[in-house]
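Student: Protein chains in written order, with the working numbering: chain A, 1 to 327; chain B, 1001 to 1337. Note that beta-carbon positions come from the ideal geometry of N, C-alpha and C, so glycine has one too. This is the structure I have questions about; it appears just below.
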Ligand SMILES: Cc1ncc(C[n+]2csc(CCOP(=O)(O)OP(=O)(O)O)c2C)c(N)n1
Ligand SMILES: [Mg+2]
């Protein structure tokens, strides 16, 4: 197991700025829909991604469009980072027929075949063996694609986690498991349900390399994952990467967060991944204050447009319930 | 008599059973964390403060694991009340649910028994296909599980207490729209399922259906949330000149055929309503039994009003189409007249 901290940014400034822009897009999107939820404008529930943007973005910046990801009940950030257009994402949250799943899926199942995102799987741990299966297909078809499976710390306690890692390892599958350890599965703190300190430690039991990255530092995530993706792409097999991070919001819509320690919360909230990324970009001269204002304004306009699109879109017909079951 | 919500009544049942019998304990995800939710629908809220964390045992997210652990503890003489946050997650524990819990007594020639309870919330609430199912029929098909499905707070308390005292594995299906949670954990479109709860202790024996509404023209058999939808339909049908009787089976296994047959002999018509999907649903089994046993009393073919054979869609207009409601039940009844 290796520990990665942020290295000096040796990549092109355009890529850095692009990653920052994506993080801003996720943050502003989630902030905006959070308010809509509180207004009662959106049906169901929602699991928000604020605070974990660096993970989705740092990971997906290493992927090609035809690489695939599996996601979880907290999928909006993964979707945006993989390139699902926010208009169709927004429309899906509204349950509109123009949504990326035609209103069939909703928040917990967003996905888009054209950008390599399977419908998000809301069964904790449910995506891990499926990602191994995607990777098996790539291997059998002699393609150099990679599957990435996002999972939470909580998912690492499902049996599926262990079965998936073992199979991925024995068959040297091109799959990368990215565990976003945000310290909690719903209200349960990770130390209550796991004796080992790091999820990454578990990889050793399956003969799989692993690494730990600072999940609030997009550059650290990017570099750590780059190595794993390159290994997977070139036939070197799977990796488990654990990103240490924190969710800024509650677990789902109805959460007063009373189970979280206030000091812990404050410490993590002070390590805002967006601020960390922006400061880094500024330090290397890749971004000015003016640039970042422009980015924010552009993203806000995009989100406004996405709201307008979603709100103006038609609801599905009730009988559309009966469509899309069979291939 | 205090009025309790469905969730409060379940909590009271658990509390009383834990006080009565020290072998009873709860095991599940997020059920006893300080500052937490008290389970996905607040049923165990506050119980860890009373009974401690050994008897309100929080588990990792490991449904297969916690189900197996409950079975093992039950085999050694404990009385676990396990729960999954949504019934959809029972499928993560399917080996334990189908191959182990309901078969161990039989396989051992009666030497071992598994006195456990598994609680599981059902029903569609705009959360998409993996948090919406009504899965009673999968388990009704499996010999060895008793199945309770309370539709109101009074039944919830009485049936859960009976479940805890039963020497066999018992599944208790609870409907998400009935819990009556308040504040930020309120479920949209919730139905008031609260009841006056007697001060003195009571249990409800399994296999006793409840006649919810008396009528002479048609029998509507409905469980869980569908009891309420059937009630709304019955009001509308009264205006159509049809007097509907509503029966809530309360337990699917054992099933109170006597009460159902008595009603069918009187009305000559039967409409079965469940939120579970149509094909192979428990309603199909009841229809077959009615055909076998009281066919001569029927004036019309048995009609089923169920969810269609699709996963549950997310978007509200489609979900409304999916979940049987007042109008579909009314049409089902009228189609027989
Ligand atoms: C199999 C299964 N069990 C339980 C749940 C309910 N549930 C949804 S999210 C969640 C917590 C997941 O924690 P983690 O994997 O750490 O992801 P995070 O929410 O922190 O992103 C739980 C228990 C579920 N969706 N699926
Ligand atoms: Mg987590």
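1. Contact criterion: CB-CB distance below 8 Å. Does residue 1293 of chain B meet it with respect to chain A?
2. With distances taken Cα to Cα, identify the nearest neighbour of residue 1062 of chain B among A/277, A/153, A/169, A/59.
3. Measuring from the CB of residue 196 of chain A, is there a heavy atom of ligand 1 at a distance below 7 Å?
4. Output needed in chain order: residues of the stretch 101–116 of chain A with a Cβ under 9 Å from some Cβ in chain B.
5. What do you reckon, is the C-beta of residue 127 of chain A under 7 Å from a heavy atom of ligand 2?
6. Measuring only from the beta carbon, is residue 154 of chain A closer than 7 Å to any heavy atom that is part of ligand 1?
7. Assuming residue 1174 of chain B is part of the beta strand (DSSP E), what are its boundary residues?
8. Could you tell me which residues DSSP pairs with residue 34 of chain A in its beta bridges?
9. Distance, Cα to Cα, residue 1069 of chain B vs residue 1081 of chain B?
10. Ordered along the chain, which non-local residues of its own chain (more than five positions away) have a Cβ less than 6 Å from that of residue 1215 of chain B?
11. Let me know the secondary structure DSSP gives residue 27 of chain A once reduced to three states.
12. Hey, quick one: how far does the alpha helix (DSSP H) through residue 1263 of chain B stretch, first residue to last?
13. Determine whether the beta carbon atoms of residue 1314 of chain B and residue 103 of chain A lie at a separation below 8 Å.
14. Using only alpha-carbon positions, find the residue among B/1139, B/1023, B/1201, B/1109 that is nearest to residue 1009 of chain B.
15. Roughly how far, in whole angstroms, is the beta-carbon of residue 1205 of chain B from the beta-carbon of residue 1162 of chain B, given that I think they are within contact range, below 8 Å?
16. For residue 158 of chain A, which residues in chain B fall below 9 Å Cβ to Cβ?
17. Measuring CB to CB, does residue 1007 of chain B end up less than 8 Å from residue 1261 of chain B?
18. Hey, would you say residue 1317 of chain B sits closer than 8 Å to residue 1306 of chain B, going by beta carbons?
19. Identify the continuous alpha helix (DSSP H) that holds residue 1089 of chain B and give its terminal residues.
20. Use the C-beta contact count for residue 15 of chain A: other C-beta atoms within 10 angstroms, 16 or more gives buried, fewer gives exposed.
21. Checking contacts by CB at 8 Å: is residue 1324 of chain B closer than that to chain A?
22. Only counting the same chain, and skipping five residues up and downstream in sequence, which positions put a Cβ closer than 7 Å to that of residue 53 of chain A?
23. Quick one, are the C-beta atoms of residue 117 of chain A and residue 71 of chain A less than 8 Å apart?
24. What does the alpha-carbon distance come out to for the pair residue 1151 of chain B and residue 177 of chain A?
25. On the DSSP letters alone, give me the boundaries of the alpha helix (DSSP H) that residue 1065 of chain B sits inside.
26. Is it true that the CB of residue 1134 of chain B sits closer than 8 Å to the CB of residue 1276 of chain B?
27. Would you tell me roughly how many angstroms separate the C-alpha atoms of residue 113 of chain A and residue 196 of chain A, rounded to the nearest one?
28. Identify whether residue 1232 of chain B lies in helix, strand or coil by the three-state DSSP scheme.
29. Using 7 Å as the cut-off, classify the Cβ of residue 157 of chain A as near or not near the heavy atoms of ligand 4, replying yes or no.
30. For a minimum of 3 consecutive residues, which ranges assigned as the beta strand (DSSP E) are wholly contained in the stretch 186–242 of chain A?
31. Looking at residue 1197 of chain B and residue 1154 of chain B, is the spacing between their C-beta atoms short of 8 Å?
32. Does residue 193 of chain A come within less than 8 Å of chain B when only Cβ atoms are used?
33. Residues of chain B with a CB under 7 Å from the CB of residue 319 of chain A: which are they?
34. Compare the C-alpha of residue 1365 of chain B against each of B/1297, B/1225, B/1018 and name the closest.
35. If you draw a straight line from the alpha carbon of residue 213 of chain A to that of residue 327 of chain A, how long is it in whole angstroms?
36. Please say whether residue 165 of chain A and residue 240 of chain A have beta carbons closer to each other than 8 Å?
Tutor: Let me lay it out:
1. no
2. A/153
3. no
4. Correct list: 101, 102, 103, 104, 105, 106, 107, 108, 109.
5. no
6. yes
7. 1170–1175
8. Under DSSP, residue 34 of chain A forms no beta bridge with any residue.
9. 11 Å
10. Within the same chain, residue 1215 of chain B has close Cβ partners 1243, 1244, 1245.
11. helix
12. 1257–1267
13. yes
14. B/1201
15. 6 Å
16. Here the neighbours are 1060, 1061, 1062, 1063, 1064, 1065, 1092.
17. no
18. no
19. No residue range can be given for residue 1089 of chain B, since it is assigned to no alpha helix (DSSP H) and is classified by DSSP as neither H nor E.
20. exposed
21. Taking a beta-carbon distance threshold of 8 Å, residue 1324 of chain B does not count as an interface residue toward chain A.
22. 23, 26, 27, 77, 273, 274
23. yes
24. 43 Å
25. 1063–1075
26. yes
27. 37 Å
28. helix
29. Summarising the ligand content, the structure contains ligand 1 and ligand 2 and does not contain ligand 4.
30. Counting whole runs of 3 or more residues, the stretch 186–242 of chain A contains the beta strand (DSSP E) stretches 210–214.
31. Their beta carbons are under 8 Å apart, which means residue 1154 of chain B touches residue 1197 of chain B by this criterion.
32. yes
33. 1321
34. Residue numbering for chain B in the displayed model covers 1001 to 1337; residue 1365 of chain B lies beyond these limits and cannot be assessed.
35. 41 Å
36. Contact flag set, yes.
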